[in-house]
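Which chain is which? The protein sequence lines are S and E, in order.
No gaps in the numbering here: position 167 of the first sequence is 167 in the UniProt record's numbering, and each next residue is one more.
No gaps in the numbering here: position 47 of the second sequence is 47 in the UniProt record's numbering, and each next residue is one more.
Note that CB positions come from ideal geometry on N, CA and C, so glycine has one too.
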Amino acid sequence: MKQGELRRALVVVTLLCIFLFIYLYWQQSSKLAPTLIYNYKHVYSSYRRSRPPQWTWRCVNQRCERRHIEGDADAAAPVSLATCSMLCGSTQLWPQPTGPVTLGSRAVTFDHGRLAVETTTGQPARALLVKAFAIFNDSVASLIERKDYARDRTDVRRFLVRVAVEHSDVVRLRMSTNESYSIVLRAVGGDMVANITAKTFFGARHGLETLSQLIWWDPYADGGALKVLKVATVQDSPAFAYRGLMVDTARNFMSVESLKRVLVGMSASKLNVFHWHLTDSQSFPLVVPSVPQLAKNGAYGPGMTYAPEDVRELVEFARVRGIRVVLEVDTPAHAGNGWTWGPQEGLGELAVCVNERPWSLYCGEPPCGQLNPENPNVYDILEKLYRDLIDLSGEDEIFHIGGDEVNLECWAQHLQKASTIYNYTDLHDLWGEFTLKALGKLVAANGGKRIPYVVVWSSKLSKRPYVTKYLEKSNVVVQSWGASQWPDTPDLIADGYRVIISHVDAWYLDCGFGRWRETGEAACDPYRPWQTVYNHRPWQQLRLDKKYIVGGEACLWSEQLDEASLDARLWPRASAFAERVWTDPQLDMATYSIQEDVYTRLSTHRDRLAARGIGAEALWPTWCTQNPGMCL
Amino acid sequence: MYKWYTPKLRVWKVCHNAELILCSTIQSSRTGPTYYGILRVPARYQARWSWECDLQTSNCRSTLNGNSRAHSTLELCQLVCGKTNYLNVWPYPTGAISSIKEIVLIAPDTIQFVHKGPQETEQFLNNVTAYFRDRIKTLVPGHCPTPLNHVTIALNSLRGDVSLTLDQDESYTLETQAVGDTLNIQIFGETVFGVRHGIETLLQLLVPYEEKDATCFATLKSVKIKDKPVYRHRGLLLDSARNYLSTTTIKKNIDGMAASKLNVLHWHITDSQSFPLQLPNLPNMTIYGAYSEKQTYKPDDIRDIAEYAKIRGVRILIEIDGPSHAGSGWQWGPQAGLGNLAVCINQHPWRSYCIQPPCGQLNPTNPHLYNTLGTLFKDVTGMVPDINLFHLGGDEVYIPCWNSTKEIIDYLKGKPRTEKTFFDLWGKYHRKALEAYDLAVGHNKTSAVVWTSHLTDPEVIQKYFPKERYIIQTWVPESSNDLITSLLKLGYRIIISTKDKWYLDHGFWGNTPFYTWRNVYENKMYDVVDPGILGGEVCMWGELVDDINIEPRVWPRAAAAAERLWTNPRRDSKSGRYKIFCPQRETVEERNSRGN
């Protein structure tokens, strides 16, 4: 008898242990400790309210109206602008989803400790989702204005985020990756449950981003509180697969930290390609493992280089935010400093006209420099370089070879072997052959496999008659940066080329700051306000066949900026661009007017970016934020 | 040079070598690619770039394998290079300069101060000394190869007057002389403000010396500089009404002003959008006018900023704009039984009632308005030192607002509702507002500044603005400079803010172009230097800037205006000033360290 009791007790204890073990395991896998990033914004730790809030907002005809509390009959319960905005008319989402959205008109209070994630997805996507949820948590935490807000004041027991991803094997973004997702948010018993369903991790990530935008900080709740809509459904998928942003780190160096902020902004706006213009004739900051001489001779200084591990870190930082990184080492033009060590190592001149003056004869902007097409060693170095770039970015679907603004006069004056020059009646052929050789090296660098999206900047070579001779339309994509009124884009499409659109007159974000040198004009003035960026819809304006448009890309060249003004130059204009390529709303070509809702949502998004530590520009006076629709 | 971002402070750290000699925390926009020679190499690395003086062109050139005469930093090279060099000083001194171009090294802990001047100046000179020490204190004590043993800085203020008024003398003389192992630095100022400018110049002549583990400054063996400004009023306008600016942001801009010897912070503190200034006797102004309670300035904030500015030689010129550009904050009249203090507030559609939303104009027909203004002026003048100047705004009155307001139409009963009638009403506002101001301060010695408008038209100006009492701030484009001629002829004193050169908000809205620092620099202000021209101001209107992006918008362009106002050089930006301006961007950064 005693023996039996003991056995029974043992069984009970064992069962209890197993249960406890399972419970703890489940807890561990589903509930991530929310990590707060308080350093992103100023947190008022000792908040003292000496007066009740002075303004209250009322939803009237789908618009929040600001009223002074003393003139409002319902002043007993003042409503903050954030709460009113979420419950009134506008979705407050950026970019606006393309599918149906239904939002409830009631809010639920919760504290961020209630957030938990549950996934029904296998590895390897599951591991990525865990990271994406941590980022989601940070986004929510960035809203909190007071560290000591009443964490126990909550309407819910749990706020459960259930993420279901169909293809758990997709952990690299490809052009064909399905980025769609849907969200169903509702109250179940005492819980809030958000079901996010997506085909891939990348869709699920966008879903988490959207969900974070349905959460807001209500400063009027006693001591402040986090709130979320009680009911919401969203279905969403992007209009274009390629939604790029280019940043130039060669004219002025930008730290890895500052580039991370670019990626944070991109993920908040659902941009998915970070095109990193790493090098130019001014400097070569990338430490290429197999050709370290490039950075050694080309970096501005020892503190101004990107080590291979920096690049890998950024690539991973980007991937968990749904962004792929395309590394560009521009050739054969826009290359000079960094390529000067050939003679020392017995390899001959790798580049010609480097720092040549007067620069205006040999290049578009100082300092000059172009690779030497007649030196076979150049192509060997390119192969090593390409191999390392593919390896560092893990990117073998898209590859950018640069290829813009070759100055033929430079080559004509500096190539030594008479035969090289006189072999060509048209030096464009020399350029074309350089390109073919470089592309050959790219195939070799990629283990003999052709890269399906080789991107080149539009140039003379991408125009007729050279384009069909040197650029293979089956795998070359042209990034068309000329003005939208130029014939480039329509011609390319007519000839069957796929394009990425970066029209200078709408999507060059660096323009508008005048000349930085004494001679030459400010080629791309004026500044493009966000409305210009937003209202550019070339496929509609130029009636282009969308089949050939891979996507769009906004570009930020860095002659006149460095980290100090990087954020302000990019945001919120790059967000305006993001909605163009994600949502692609119709353009009213009669008036070019922008709906009130766009202003309201973008203003909210700007504040969202600022809360996440991004120095986005002010859109207008605060009064206009506080009085939606009244400044149009 | 190292840079990194400190998200908590939302600022950039810029450090000039691995030992963190001078860290700075201002955001400022680039003047060109780094390629143009503002690179520095951390000392602990073997420097690959160094700078050599090209004796023929007096230019410093970067070189990869410099010889023994090459300098480790660009600043060091610029300090000694060439006959016609600029000594790294911005703005360039107006008086005689002589120097011996040899370098001596100073260890910062050897510097001693001596103060000479009337009793009243002691406190101020102490502050200046503290300011100097604060600027150089990030230098970590350590090895300095062959420093001078004794460095004495003598501050001499001749006059005792420490009030910051328009007529205050700002001239100074700076002399440094190395004898044996002693460096004597003498700064003579007519007033303490001249002494302060001398200290600022001295700071620009101290160049961090970078070589291996060196932690010291290099400066010239002997320098003599006589200097005084061409214009008395050298201003920067900040607008904290369109978007609120934190006190930290305002102080950082004052730091930049001090480094550039600008001396007036024109604080456009209110507008129709918001009224962030807390007034002890009119609490309703912020209760009804602030964006939120957090976005207000308490009287102590203003006092603190005024004190901070004064140490930096900067006076605060508060602007209470009226009768237009006023709305938010003035809504409470009817409830208090005072009637409508302002009209057309937030009226819609705004295009019918104002130039920019939200609408609002003061009600010149309501006698209570002037009592209220009196209280307001009394409160405001209690917060800032009296500088004999006050800005009363006076621009962009939009007649259709008044002309559609019943009580104003009733008031005008019997008079034709012509433009002239409304101008007279507007003129009446100014007359009564100034009366209220005089009553509040108890004297009529203050000069009121007003913007150019219909009322400052040379035909009518004398009717509305007597020249003894008013200073006119012109914001007309350069092509309308004949207005300035006419006003000068009539005997008016002028402050110039050429809008197509010095409006720093342009370039981001409408068809306005952006003005590069060269455009700003090349604003000739006016053809001749006329005693009626007190100076000028660059204006940073606040519609599209707030704490986040204001610094790169203002700097370094305001520094370009500063040299125009201090030196008013004949040469334009095409001369060699370019090569000094780029490093100046960083000088401004350095001087702005620890804005918090």
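Assigned with DSSP and collapsed to three states, Asn61(S) falls in coil, not helix or strand. Under a criterion of Cβ atoms nearer than 9 Å, no residue of chain E is adjacent to Thr200(S); the nearest Cβ is some 31 Å distant.
For Gly223(S), the closest Cβ of chain E is not nearer than 8 Å. One finds nothing in chain E with a Cβ atom closer than 9 Å to the Cβ of Ala268(S); even the nearest lies about 15 Å away. Under the 8 Å Cβ criterion, the segment 312 to 330 of chain S does not count as touching the segment 367 to 378 of chain S, having fewer than three qualifying pairs. Our two residues, Gln586(S) and Thr98(S), have alpha carbons roughly 12 Å apart in a direct line. In the DSSP assignment, Gln479(S) is bridged to Trp457(S), Ile500(S). Residue burial annotation: Val13(S) is exposed, with fewer than 16 other C-beta atoms found within 10 angstroms of its C-beta. About 6 Å separates the Cβ atoms of Leu263(S) and Arg321(S), confirming a contact at the 8 Å cut-off. Judged by DSSP in its simplified three-state form, Pro208(E) adopts strand. Rounded to whole angstroms, the gap between the alpha carbons of Leu125(E) and Gln204(E) is 19 Å.
When rounded, the separation of the alpha-carbon atoms in Pro280(E) and Trp332(E) is 16 Å.
Residue state for Thr197(S) is assigned as strand, using DSSP reduced to three classes.
In the DSSP annotation of this structure, the continuous segment of the beta strand (DSSP E) that includes Lys101(E) starts and ends at 97 to 106. Ranking Arg157(S), Asp169(S), Glu145(S), Cys84(S) by CA distance to the CA of Arg126(S) puts Asp169(S) first.
Proximity to Tyr497(S) across Tyr508(S), Lys473(S), Gln485(S), His503(S) peaks at Lys473(S), based on C-alpha coordinates. Listed in chain order, the beta strand (DSSP E) elements of length 3 or more contained wholly in the segment 153 to 181 of chain S are 159 to 165. Those residues of the segment 564 to 591 of chain S placed with their C-beta closer than 7 Å to a C-beta in chain E are Ala564, Ser565, Ala568, ordered along the chain.
Relative to the Cα of Glu459(E), the nearest Cα in the group Ile111(E), Leu487(E), Val450(E) belongs to Leu487(E). A residue is called buried once 16 or more other Cβ atoms fall within 10 Å of its Cβ, and Thr591(S), having fewer, is exposed. Taking the beta carbon of Asp546(E) as reference, the chain S residues within 8 Å of it are Ala618, Thr622, listed in sequence order.
Taking the Cα of Leu202(E) as reference, the smallest distance to any Cα among Cys401(E), Leu183(E), Ser274(E), Glu190(E) is reached at Leu183(E). The alpha carbon of Ile390(S) has as its nearest neighbour, out of Glu365(S), Gly448(S), Leu371(S), the alpha carbon of Gly448(S). With three or more CB-CB distances shorter than 8 Å, the segment 538 to 545 of chain S counts as touching the segment 485 to 500 of chain S.
Here Tyr599(S) carries a helix assignment [DSSP, helix/strand/coil]. The three-state secondary structure of Ser50(E), taken from DSSP, is strand.
Spanning the alpha carbons of Ile183(S) and Ala164(S) requires a straight line of approximately 10 Å.
In the structure shown, Ala154(E) falls within a strand segment according to DSSP collapsed to helix, strand and coil.
Glu435(E) and Pro357(E) have their C-alpha atoms spaced approximately 30 Å apart. The C-alpha of Lys441(S) is placed about 41 Å away from the C-alpha of Ala616(S). Among the residues facing chain S, Glu543(E) is included, as its CB has a counterpart in that chain under 8 Å away. Residue contact with chain S for Ser274(E): present (Cβ-Cβ distance below 8 Å to some residue of chain S). Judged by DSSP in its simplified three-state form, Val529(E) adopts coil rather than helix or strand.
Counting other Cβ atoms within 10 Å of its Cβ, Lys310(E) reaches 16 or more and is therefore classed as buried.
Assigned with DSSP and collapsed to three states, Ile144(S) falls in coil, not helix or strand. For Arg243(S), the beta-bridge partners assigned by DSSP are Gly552(S).
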